[in-house]
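Enquirer: Sending over a structure as structure tokens; questions will come in a sec.
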Amino acid sequence: MPDLSRSERIRLNEGLRDWLAYQLRQTERTLDELKREEEEDRRRREVARIEMSWKLQPARVEGAQPMLHRGNCGLYRTQLGYLDEKHVVIALEEFPELVMCELCAPWGSLGIPRPHRQPGE
């Protein structure tokens with residue numbers, strides 16, 4: 594480069610600057626896309642986790658039984674307290690007369706037969 598004129602070196606450095614700016618924009622686009630994909634994967638995993646879980650709705654009156662729902666049931670919309678199958682078994686042991694939601698039918702995903710309707714339902 595020492596044998597190039599100053600104006601030629603300016604042109605070469607401007608070309609290098611423009612190329613590096615282009616590479617930076619491309620890298621930033623790639624990073625943005627990767628971050629969006631990562632966030633979408635995280636969201637999908639969370640949706641799948643919720644769909645594979647259950648929720649226990651507390652009894653609304655004294656002496657009544659709680660109600661079991663699938664994690665994504667729209668009837669009981671709480672966004673916390675998801676249970677895995679092990680904890681559902683514990684809940685079934687603790688509440689033998691546990692009511693199961695007719696809308697989301699949690700018994701099917703547990704592999705148990707449909708419970709008999711409760712008196713007064």
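Numbering (this note's numbering) for the sequence shown: 594 to 714.
Using N, Cα and C, we set each Cβ at its ideal position, and we do this for glycine too.
These figures come from a predicted structure and were not determined experimentally.
(1) Which residues does DSSP list as the beta-bridge partners of K648?
(2) Rounded to the nearest angstrom, what separates L703 and Q672 at their Cα positions?
(3) Indicate the three-state DSSP secondary structure (helix, strand or coil) for L605 in the structure shown.
(4) Taking the straight line between their C-alpha atoms, what separation do you get for V692 and Q658?
(5) Determine the extent of the alpha helix (DSSP H) in which G701 is found, giving its start and end residues.
(6) When the Cα atoms are used, what is the spatial distance from P708 to C694?
(7) Between the region 670–690 and the region 639–651, do at least 3 Cβ pairs fall closer than 8 Å?
(8) Could you tell me the distance, in whole angstroms, from the CA atom of E714 to the CA atom of E630?
(9) Since L668 sits in a beta bridge, which residues does DSSP pair it with?
(10) Excluding sequence positions up to five away, which residues of its chain have a Cβ less than 6 Å from the Cβ of L609?
(11) Between L597, D634, E655 and L661, which has its C-alpha nearest V682's C-alpha?
(12) Would you report the Cα separation of L696 and R636, rounded to the nearest angstrom?
Expert: Quick look at the numbers:
(1) H662
(2) Rounded to whole angstroms, L703 to Q672 spans 21 Å at the Cα level.
(3) Under the three-state reduction of DSSP output, L605 falls in the helix class.
(4) 6 Å
(5) DSSP places G701 inside the alpha helix (DSSP H), whose first and last residues are P699 to L703.
(6) 10 Å
(7) Contact check between the region 670–690 and the region 639–651: three or more CB pairs, one atom from each, fall below 8 Å, which counts as touching.
(8) Reliability fails at E714, whose pLDDT of 49 lies under 50, so the model's placement of it is uncertain and no value is given.
(9) Its beta-bridge partners do not exist; DSSP assigns none.
(10) Same-chain partners within the cutoff: there are none.
(11) L661
(12) 25 Å
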